[in-house]
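Residue 0 is where the first sequence starts when you use numbering that gives the first Met the number 0, and the numbers rise one by one after that. Where is the CB? At the ideal position from N, CA and C, for every residue including glycine. Here's the structure we're looking at; comments come further down.
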Amino acid sequence: MSTTTEVRPVTRFAPSPSGHLHVGGARTALFSWAFAKGRGGSFIIRIEDTDQKRSSDAASVGFLKDLEWLGIRWEEGPEYVAPDGSTVGGGPNGSYFQSERLEVYNRYCQKLIAEGKAYEAWDSAEELDALRKDAMSRKEAFRYRFRGEVSDAQRAQFIAEGRQPVVRFRTPQVAITINDEVLGDATLPAGEVDDFVIRKKDGFPTYHFAVVVDDELMGVTHVLRAQEHFTNTAKHMVLQDALGFRRPTYGHLSIIKNPDDSKMSKRDKDKVLRKAVKERGWTAPPAGTVSAEEWTKWITDDNVQLDLEGAIRMAEALKVTLPEINVDDFRRSGYLPEVLCNFLALNGWSPGHDIEKFDNEFLKQRFGLDRVMKTPAKFDRVKLLAFNTDAITGMAPVDFARRCLEHAKQFRPDYLAKLGEAKFALLMTACQERSKTLDDPFKSNAFLLAADASMPFVDDKNVRKALGIGAAPADGAKTGLDHLRAMRGILGGIGDWTQHAIEAAANAYAAEHAAGKIGSVAQPLRIGVSGSTVSPPIWDTLVLVGKASALMRIDRCIAWAESLA
RNA sequence: GGCCCCAUCGUCUAGCCCGGUUUAGGACAUAUCCCUCUCACGGAUAGAACAGGGGUUCGAAUCCCCUUGGGGUCACCA
């Protein structure tokens, strides 16, 4: 028993506080979770909130909901009540917020100072800047080194000046070999790591110090994290040695990039909006998007980000689509959590044997560090969409309907209100095979929500062709508009407004007047009730719109088409 | 710039560690055709890669070196 307990891995996901989970973070969490859970171990979440400037508020752990949605649950960490009522988190090694563990870090920090392994440094920001500039002028990387003992008199003088010391680690001047299960071993030459800060002047530990102390105290055995931490690992290892801690196994994951090779970032949304604004030459915010002050700040400083609601309104005004970056963005767009996990796992890992489709259970059983990719992956939304499409078309109709209903409650309440239960169910059956996301039934059928008296008709090539506008009909042949006029009369006489009855009437008409070509009748009807040449199957569409609305829309369409001719 | 790491179709990748079984496999995307009331789905077919150069070897995508390209890091941010 005890021997098996010893080999059970403990992993953790340790983000700084955020309201949203970024896809890169989601993948790190997924891999960490899968690694531990597949080996009977446990998975911890810890909040790295040691930066007081990025102060945390209530929304600071909003990303927990995203993790839960993905099916990633944690044994230890912040407590979270899932939508199903169960509680996730808690645990014996808390607090899981670093800002609440200051005395722990101080204890170890004092120990290092007492042993001469760390020391107070009193340099001001200006002095450090000067040192950096100096190093830069010699084309060298700046490395802080112990600058000599500070006498008691000097120390008193600094305190009198109101200066606050930081604590720096006295890094041994030896070569340091980083062991990494993904990237392999790498040796940094002696002197490469400087005397880095372990306690800031505000008394908070730096990331490097807190992470080392917590990983030890929480029993973390395996650390999977972003590749940007790879070189930092040397700092963590010298610290572990100085404190007499064991060394966890490390694995550094490559970053996820955009198709254009840029690093995927939350700023990408603003990038898209700024580009569109620039192209249109807008100098003021469109009405109902963001305030003038927000606009000014945003447009003059590329580092300023619009909040999500503002960004969505702006995107609508600009008619651009915001890139999905956060897990919640994908949820909003109608992606399935199991598909997102599957696809995320494929970015940087593969099970081999040409297996691509799998669930988290499979991932848990098969995931290992030996098959993790060293190279950065580009996030291919098109392939993600294809995976999502496959999952949706392969879903039992009842499941599709149920999940769309959940989605609609959350993001499309207006469709629910307008359609009612029966028509909502019909929309689901009519849309499943042509839906790529849970949002498609709504996103691509906005005409269902339109008012009969004002629904717009698209004036494009396809519409004109289907209606026969602008082109002389072949000898004696009827135009689409002619068919529409005739069908208006036939439809008006149908008492039993069902797909079957409508189709039968249309077929009979087409057989006699359109050489049996139902398409030349269906398309004008489609334009009539939806405003364009694209909709769900036409008989379903007519039922969804309803008889009265359909007739009214067709009348308006005829009048509109006549005005074009 | 110093230091560290990486390199297979357009993209995600299999194969590489343990050289020959590879005319380098799969998926997404692309092209053409078929199906079709629109859109989509689906079916069929096709094109598409070992970054470049040196070695080692009977033989290299697989091992070694160099070049080029890419990434990370060099904060009192994580």
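{"Asked": "I think L69 touches L339, with their Cβ atoms under 8 Å apart; what is that distance to the nearest whole Å?", "Found": "7 Å"}
{"Asked": "For the 8 Å Cβ check, are there 3 or more pairs between the stretch 232-244 and the stretch 26-33?", "Found": "no"}
{"Asked": "Alpha carbon to alpha carbon, how far is T186 from N257?", "Found": "31 Å"}
{"Asked": "What residue range is occupied by the uninterrupted beta strand (DSSP E) comprising I354?", "Found": "Where I354 is concerned, there is no enclosing beta strand (DSSP E), given that its DSSP letter is neither H nor E."}
{"Asked": "Would you tell me roughly how many angstroms separate the C-alpha atoms of R365 and G37, rounded to the nearest one?", "Found": "8 Å"}
{"Asked": "May I ask you to list the residues that DSSP assigns as paired with N325?", "Found": "H21"}
{"Asked": "Going by the CB atoms, is the gap between T248 and T220 shorter than 8 Å?", "Found": "yes"}
{"Asked": "Which of the three DSSP states is assigned to G84 in this structure?", "Found": "coil"}
{"Asked": "For R137, does the three-state DSSP call read helix, strand or coil?", "Found": "coil"}
{"Asked": "Leaving out five residues before and five after E432 in sequence, what residues of the same chain have Cβ atoms less than 7 Å from its Cβ?", "Found": "T392"}
{"Asked": "How is A564 classed by DSSP in three states: helix, strand or coil?", "Found": "coil"}
{"Asked": "Are G347 and S443 closer than 8 Å when you measure CB to CB?", "Found": "no"}
{"Asked": "Using only the alpha-carbon positions, how far apart do R539 and S529 sit?", "Found": "According to the sequence shown, residue 539 is Asp rather than Arg. D539 and S529: Cα-Cα distance of roughly 12 Å."}
{"Asked": "Taking 7 Å as the limit between beta carbons, can you name the residues of its chain near M0, skipping five residues before and five after?", "Found": "Any answer about M0 is weak, because its pLDDT of 37 lies below 50 and its placement is not dependable; what the coordinates show is given next. Answer for M0: no residue qualifies."}
{"Asked": "At which residues does the alpha helix (DSSP H) containing L480 begin and terminate?", "Found": "G479 to G491"}
{"Asked": "To which residues of the same chain is N178 closer than 6 Å at the C-beta, ignoring the five residues directly before and after it?", "Found": "D184"}
{"Asked": "By DSSP's criteria, Y249 is part of a beta bridge. Which residues make up the other side?", "Found": "V222"}
{"Asked": "By DSSP, does K234 sit in helix, in strand, or in coil?", "Found": "helix"}
{"Asked": "Is the beta carbon of E78 less than 8 Å from the beta carbon of F42?", "Found": "no"}
{"Asked": "For E119, which residues does DSSP report across the bridge?", "Found": "V166"}
{"Asked": "Can you tell me where the alpha helix (DSSP H) with L425 in it begins and where it stops?", "Found": "P412 to C430"}
{"Asked": "Do you know offhand how far G115's Cα is from R198's?", "Found": "15 Å"}
{"Asked": "According to the Cβ coordinates, are L563 and D458 closer than 8 Å?", "Found": "yes"}
{"Asked": "Span of the alpha helix (DSSP H) holding A344?", "Found": "P336 to L345"}
{"Asked": "Given a threshold of 16 other Cβ atoms within 10 Å of its Cβ, counted over all protein chains shown, does S453 qualify as buried or as exposed?", "Found": "exposed"}
{"Asked": "Determine, using beta carbons only, whether V569 and V22 come nearer to each other than 8 Å.", "Found": "Beyond the ends of the chain as shown, which are 0 and 564, falls residue 569; an answer cannot be given."}
{"Asked": "Tell me, to the nearest whole angstrom, how far the beta carbon of R167 is from that of A117; I am working on the premise that it is less than 8 Å.", "Found": "6 Å"}
{"Asked": "Looking at L20 and D83, is the spacing between their C-beta atoms short of 8 Å?", "Found": "no"}
{"Asked": "Provide the residue(s) that pair with L187 in DSSP beta bridges, ordered along the chain.", "Found": "I175"}
{"Asked": "Would you call F34 buried or exposed, if buried means 16 or more other Cβ atoms sit within 10 Å of its Cβ?", "Found": "buried"}
{"Asked": "Where L466 and D300 are concerned, what is the direct C-alpha to C-alpha distance, given to the nearest angstrom?", "Found": "50 Å"}
{"Asked": "Please return the same chain residues whose Cβ sits closer than 6 Å to the Cβ of A174, not counting the five positions on each side in sequence.", "Found": "T186, P188 and A189"}
{"Asked": "So, with DSSP's three-state summary, where would you put T10?", "Found": "strand"}
{"Asked": "Go ahead and pull the three-state DSSP assignment for A181.", "Found": "With the sequence shown as reference, residue 181 is identified as Val, and Ala is not the correct amino acid for it. Three-state DSSP puts V181 in coil, outside helix and strand."}
{"Asked": "With DSSP as the reference, identify every bridge partner of G70, one or two as the case may be.", "Found": "Per DSSP, none; premise fails for G70."}
{"Asked": "N506 and I517: beta carbons closer than 8 Å?", "Found": "yes"}
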